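As structure tokens, the structure follows; a few thoughts come after it.
Numbering (the working numbering), first residue to last: 92 to 178.
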């Protein structure tokens, strides 16, 4: 029962993170600028995504791996946009 609860909460967390990145991507595209976004902050987040991805692969939890993969791809898209709209 506790495992099921934790799985649902984890899914909700990944949905929240994904929606946040989608809103950030939309914001950068609308403004056509990323001047106020910290590149070092993006690098720290990228490092965390990689570390969590490795951890999820090691514990072999398919749902965490899928969630992290989706989030990682969206964050990579966001990071590329940040770099390309840098002025």
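Just so you know, even glycine gets a beta-carbon here, dropped at the ideal spot from N, CA and C. None of these values were measured; they are calculated from a predicted model.
Looking only at C-alpha atoms, which of 96, 147 and 140 sits nearest to residue 108? Mapped onto the chain shown, residue 108 falls at position 17. Ranking the options by Cα distance to residue 108, first place goes to 140.
Cα separation between residue 127 and residue 114? Residue mapping note: residue 127 aligns to position 36 of the chain shown, counting from 1. Residue mapping note: residue 114 aligns to position 23 of the chain shown, counting from 1. Straight across, the Cα-Cα distance linking residue 127 with residue 114 is about 15 Å.
In chain order, what residues of the same chain have a beta carbon less than 8 Å from the beta carbon of residue 173, not counting five sequence neighbours either side? Position 82 of the chain shown holds residue 173. Counting only Cβ-Cβ distances below 8 Å, and skipping sequence neighbours, we find 119, 125, 128, 130 and 133.
Rounded Cβ spacing between residue 121 and residue 176 (contact assumed at less than 8 Å): In the chain shown, counting from the first residue as 1, residue 121 sits at position 30. In the chain shown, counting from the first residue as 1, residue 176 sits at position 85. Rounded to the nearest angstrom, the Cβ distance from residue 121 to residue 176 is 11 Å, too far for a contact under 8 Å.
Alpha-carbon to alpha-carbon, residue 92 and residue 157: Along the chain shown, one-based indexing puts residue 157 at 66. Along the chain shown, one-based indexing puts residue 92 at 1. Approximately 22 Å between the Cα atoms of the pair.
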